[in-house]
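A.B. asks: Quick note: the sequence shown uses the working numbering, first residue -5, plus one each step.
For each residue, glycine too, the CB sits at the ideal point set by N, CA and C.
All values derive from a computational prediction rather than experimental measurement.
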Amino acid sequence: MPFRPPLVAHEYFSADPPELPRRRHGEGGPQEITHAELMATDPNGVSVKAHATSGDLLTAQVTAAGEGIIRVRLATDPAARTRSARVLPLTHPDLGYSADVQVADGVIRIVAGSITAEVRLEPWGIRFLETGTGRLLTRTAPGVVDISGRMRTAPFGLSTVDGSVVAYHETFVLPADEVLAGTGERFLPLNLRGQRPVIWNFDAFGSEGDRAYKNVPFYQSSRGYGVVVDSGMPIEFDFGASTQSVVQIVVPDDLIDYYVLAGPTPGEVLTRYDRLTCRPVTPPKWAFGSWISSGFFVDTQEHVLRRARTIREHGIPCDVLHLDTYWQPDGKWSELRWDPVTFPDPDAMLAELTEQGFKVCLWMNSYLSVNSDRFTEAAEKGYLLKRQDGSAYVADSWHGSFPECGIVDFTNPDATSWFQDLLRPLARQGVQVFKTDFAEGVPADAVAYNGMSGAELHNVYALLFNDAVSAVTREVHGHSMIWGRSSYLGGQRHAAQWGGDTMCSYPALASSMNGGLAHGLSGVPFWSHDTGGFSGTPTDDLFLRWAQFGALSPLLRFHGTTTREPWRFPAVEAQVIDALKLRYRLLPYLYSQALLAGETGEPIMRALMVDSPEDPLAWRAEHEYRLGPDLLVAPVISEEQERHVYLPAGEWAGWWNGELVTGPTSIHVSPAPDQIPLYARVGALLPTTATAESIPDGPWKSITIVSVGGLSGTTEIRDDDGVTSVTAVREDATFTVTTSGPARIDRVEFVQVAGYAVPGVVVLNGTVQE
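1) Which of the three DSSP states, helix, strand or coil, is assigned to G119?
2) Can you tell me which of C272, E112, V298 puts its alpha carbon nearest to the alpha carbon of D99?
3) Using the three-state DSSP reduction, which class does F413 fall into: helix, strand or coil?
4) Please return the same chain residues whose Cβ sits closer than 6 angstroms to the Cβ of W280, not counting the five positions on each side in sequence.
5) Helix, strand or coil for G376, going by three-state DSSP, please let me know.
6) Determine the closest residue to M507 out of L182, R418, V639, with distance taken between C-alpha atoms.
7) Look at the alpha carbon of G735 and the alpha carbon of L589, and state the distance between them as a whole number of angstroms.
8) Residues bridged to L758 by DSSP?
9) Using 8 angstroms for Cβ pairs, my map puts K208 next to G178. What's the rounded Cβ distance?
10) Leaving aside the five residues before and after A751 along the sequence, list all residues of the same chain whose C-beta is less than 8 angstroms from its C-beta, in chain order.
11) Are the beta-carbon atoms of D71 and T53 separated by less than 9 angstroms?
12) Could you give the DSSP three-state label for H553: helix, strand or coil?
13) Can you pull the DSSP bridge partners for G716?
14) Please state whether the Cβ-Cβ distance between T265 and T147 is less than 9 angstroms.
15) Apart from the five residues on each side of it in sequence, which residues of its chain come closer than 8 angstroms, Cβ to Cβ, to I476?
16) What is the DSSP secondary structure of E307, reduced to helix, strand or coil?
17) Whole angstroms is fine: what's the gap from A686's alpha carbon to P311's?
18) Taking C-alpha atoms, which residue in T709, P12, R77, A198 lies nearest to I250?
19) Cβ of L84 within 8 angstroms of any heavy atom in the ligand ADP?
20) Note down the Cα distance separating G657 from D609, rounded to an integer number of angstroms.
21) What first and last residue would you give for the alpha helix (DSSP H) that runs through I571?
22) Could you tell me how far apart the beta carbons of V263 and Q214 are, in whole angstroms, since I believe they sit closer than 8 angstroms?
23) Which residues in the same chain have their Cβ closer than 8 angstroms to the Cβ of M446, if we skip the five residues on either side of it in sequence?
24) CA-CA distance, S158 and L152?
25) Please name the residue in T259, T304, L315 whose C-alpha comes closest to that of W285.
26) According to DSSP, which residues form a beta bridge with V745?
27) Just to confirm the assignment, what range does the beta strand (DSSP E) spanning H452 have?
28) If you pair each beta-carbon of the segment 626 to 637 with each one of the segment 664 to 672, do three or more pairs fall below 8 angstroms?
29) What is the rounded straight-line gap between the Cα of L32 and the Cα of P15?
30) Can you give me the Cβ contacts of S529 inside the same chain, cut-off strictly under 8 angstroms, excluding the 5 residues immediately before and after it?
31) Roughly how many whole angstroms lie between the Cα atoms of Q763 and L584?
32) E230: which of S239, V222, S216, V245 sits nearest, CA to CA?
33) Curious, which full-length alpha helix (DSSP H) runs of at least 4 residues does the segment 576 to 639 contain?
34) In chain order, what residues of the same chain have a beta carbon less than 8 angstroms from the beta carbon of Q295, not counting five sequence neighbours either side?
35) For G493, which residues in the same chain have their Cβ closer than 6 angstroms to its Cβ, ignoring the five residues on either side in sequence?
36) Which residue spans inside the segment 461 to 537 form an unbroken alpha helix (DSSP H) run of at least 4?
Now the structure itself:
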């Protein structure tokens, strides 16, 4: 009986990655580098002649790419570059960094500050060590041969089919207790062990599968190191899926080019990752307020203005109104023109919204509907990706639900300028930011202006698209923020990113959270999600629980296929507003953490191992996070309205009742509907402010320091006008707070914690507080 596909939804058009060719029966396996000969040394490393099992000769280079960063390259051509570098370099090694290079008895030691590469020439192998202690971080592994004599892993070397190189590869040992995390916004368990992701940006249709909108070929380990692979091609990582003993990396590029980064903490790994790629860009302060969307259905100018008035009438804190697809004519997306029927006077609308304290975000993408004259113009000028025959590549980018589209080719400088000229009038009109949707749909068989194939361009296309859009808002408004769905290596320069088209369910809430935590461990601190879920309509309890999660996320936007306006959920509207008021109260703390993230690369919403790297349970904890170092959040993730929460070492105070919990421990909680499980670190000093309907311009006008437990401690407050140091000293019943810096601190309050007495006297900068 012929095979028939299962009766489930499938895609008529899907930009899937090309698969590696399969070997024919009897064809040889991976070619392994068996030994090498030293060719040359220089101030930052060595080049060697690498011998493969086939007898082929390749060139391998092991160098220091910066303090705490070792680079390894293997190619048949020593001058080879990754194919993505033809349009966009993804990494930026410090080529001037001088290492300590030692050669003796067939062993080469390259000391790059805190990391040392120990290279053995025969048999070939590299050990990566912590400098000083000599502790093994990781090491390469030889190929594993089974009883049939066939190689079952892909060791350091290359693979050929019909005499042509199809991929390079590397293999690292994977101890049984090692935990790995990262590779972008991955919606599966945080521990990558047993997973086999393909680093290829997919239109994932949700947040519950193994396909990701945002991929980053970078992971880090509980053993205190990270690995970055420099390639825009569909890299395959095998994290112990084929065999639990090794991690395998297969790169279908013109070389393998990877970096090993020293830790030992996740924060230190991320700092070195940023040095190698780029620093995160912090969004403007207003972006940390709440965003309320029109939703994915027909909208009008009248509806937008009514929405704005209702937000203010109901006392809902909000700073940004997002207008989704239907600000443009139906069926002509994304032509970047107001629909003249439904939005007859956008200038007047934008002026009124500005008067009410709202910023405006517009949805758009880089696909041009065949029904739009923008498509006709772009096709005639050669501004679209093409097919092999030179015609414009028309793709079913909307999977049958809307008209087909052409895809703007950002490898063409003229096409990029043309596209930006469509955005500039909107930005000058008053639109503050654009939602850069899609960009995962470059077909593998497309051809770009600069000669790249679609497979070569596919992943880095998201970077080119977001670079083009963010340049416009930077030019017009002085910030480079976008609200992006797809990203790749180095995409932390695009703030912010959101988790795509989630379903309306508790499992989707939980897996979205994992995606954000994994993305934070991959170097992207400014992340959000569709609060309430995207596809469908949430129940009242789910909407409330998702709003609570959103309120304590780095950024917050209500958006879905149906309305997410809080007053449409009257049974829980008051509790949703309370959650938003808590967020706005904590904004000085959140914004301070955001500015710090821009300096260090550490995420705001952080998996527990970021602050507890020596705790093996923290590496395995899921569906909870620290919001900065001082708050721990465990959103409700099931309709049973109860869950277990793991609290790492230290003392923690329940936010709502002051109950003291000493970690490490796991507790079971059944929170009231209006209370998200939230814990504050005892001894923390949290900067807060009064709740307002929107975020005022400039530095915070008034800050209240909230002490958790009334203990001595220190903190720093970051704001647009600089850094303020805060020191608290507890002596008996007197609590003395001294500040140094520009922050306007005018009061001290306390979270009362069981077992800790609230001080009777508070002295703030020499004045006794009334």
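C.D. replies: So, from the data block:
1) Position 125 of the sequence shown, counted from the start, is the residue given in the question as residue 119. Correct three-state label for G119: strand.
2) By 1-based counting over the sequence shown, the position of residue 99 is 105. Of C272, E112, V298, the residue nearest in Cα terms is E112.
3) Counting from 1 along the sequence shown, the entry for residue 413 is found at position 419. Helix, per DSSP.
4) As a working mapping, residue 280 is identified with position 286 in the sequence shown. Taken in chain order, the residues that qualify are D313, K353, I689.
5) On the sequence shown, position 382 is the one that residue 376 refers to. Here G376 sits in coil by DSSP.
6) Position 513 of the sequence shown, counting from 1, holds the residue named residue 507. Looking at the Cα atoms, L182 is the closest of the given residues.
7) Taking the sequence shown and counting its residues from 1, the one referred to as residue 735 is at position 741. Taking the sequence shown and counting its residues from 1, the one referred to as residue 589 is at position 595. Roughly 16 angstroms between the two C-alpha positions.
8) Mapped onto the sequence shown, residue 758 falls at position 764. Answer is V731, T761, bridged to L758.
9) Reading the sequence shown from its first residue, position 214 is the one you call residue 208. Reading the sequence shown from its first residue, position 184 is the one you call residue 178. Yes, they are in contact, since the Cβ atoms of K208 and G178 sit about 5 angstroms apart, within 8 angstroms.
10) Here the question's residue 751 lines up with position 757 in the sequence shown. Once the five neighbours on either side are set aside, the close Cβ partners of A751 are G704, A727.
11) The sequence position of residue 71 within the sequence shown is 77, counting from 1. The sequence position of residue 53 within the sequence shown is 59, counting from 1. For D71 and T53, yes; Cβs fall inside 9 angstroms.
12) Residue mapping note: residue 553 aligns to position 559 of the sequence shown, counting from 1. Note: H553 maps to coil in three-state DSSP.
13) As a first step, residue 716 must be located in the sequence shown, where it is residue number 722. Partner(s): D713.
14) To locate residue 265, count along the sequence shown from 1; it is residue 271. To locate residue 147, count along the sequence shown from 1; it is residue 153. Going by C-beta atoms, T265 is not nearer than 9 angstroms to T147.
15) On the sequence shown, residue 476 is found 482 positions in, with the first residue counted as 1. Correct list, in chain order: V427, F428, K429, T430, N460, V463, S464, T467, H488, A489, A490.
16) Walking along the sequence shown from the start, residue 307 turns up at place 313. Three-state DSSP puts E307 in a helix.
17) To locate residue 686, count along the sequence shown from 1; it is residue 692. To locate residue 311, count along the sequence shown from 1; it is residue 317. Approximately 7 angstroms, taken between the alpha carbons.
18) Reading the sequence shown from its first residue, position 256 is the one you call residue 250. With distances taken between Cα atoms, I250 lies closest to R77.
19) The ligand ADP is not part of this structure, which contains no ligands at all.
20) Against the sequence shown, residue 657 aligns to sequence position 663. Against the sequence shown, residue 609 aligns to sequence position 615. Going by the C-alpha atoms only, they are around 11 angstroms apart.
21) The residue given as residue 571 occupies position 577 in the sequence shown. Where I571 is concerned, the enclosing alpha helix (DSSP H) stretches over 567 to 579.
22) Working through the sequence shown from its first residue, we reach residue 263 at position 269. Working through the sequence shown from its first residue, we reach residue 214 at position 220. So it is a contact: roughly 5 angstroms between Cβ atoms.
23) Counting from one through the sequence shown, the residue named residue 446 turns up at place 452. If we look at M446 and ignore the five residues flanking it on each side, its Cβ neighbours are R77, R80, V81, T405.
24) Taking the sequence shown and counting its residues from 1, one reaches residue 158 at position 164. Taking the sequence shown and counting its residues from 1, one reaches residue 152 at position 158. Each residue's Cα considered, the two are about 10 angstroms apart.
25) If you number the sequence shown from 1, residue 285 lands on position 291. Per the Cα distances, L315.
26) In the sequence shown, the residue the question calls residue 745 occupies position 751. BP columns for V745 point to V702.
27) By 1-based counting over the sequence shown, the position of residue 452 is 458. Per DSSP, H452 is not a residue of any beta strand (DSSP E); the alpha helix (DSSP H) it occupies stretches across 448 to 471.
28) yes
29) Sequence index remark: in the sequence shown, residue 32 carries index 38 (1-based). Sequence index remark: in the sequence shown, residue 15 carries index 21 (1-based). Straight across, the Cα-Cα distance linking L32 with P15 is about 33 angstroms.
30) Your numbering for residue 529 matches position 535 in the sequence shown. Exclusion of the five residues before and after S529 leaves G200, D495, T496, M497, C498, G554, T555 as the residues of its chain whose Cβ lies within less than 8 angstroms of its Cβ.
31) Here residue 763 is taken as the residue at index 769 of the sequence shown, counted from 1. Here residue 584 is taken as the residue at index 590 of the sequence shown, counted from 1. When rounded, the distance between both Cα atoms is 26 angstroms.
32) Walking along the sequence shown from the start, residue 230 turns up at place 236. Closest by alpha carbon: V245.
33) 581 to 594, 610 to 614
34) Within the sequence shown, numbered from 1, the residue matching residue 295 stands at position 301. Result list for Q295: T336, F337, P338, D339, P340, M343, in chain order.
35) Within the sequence shown, the letter at position 499 stands for residue 493. By the criterion of a C-beta distance shorter than 6 angstroms, G493 is surrounded in its chain by S201, S506, G509, H523, once the five residues flanking it on both sides are discounted.
36) 500 to 515
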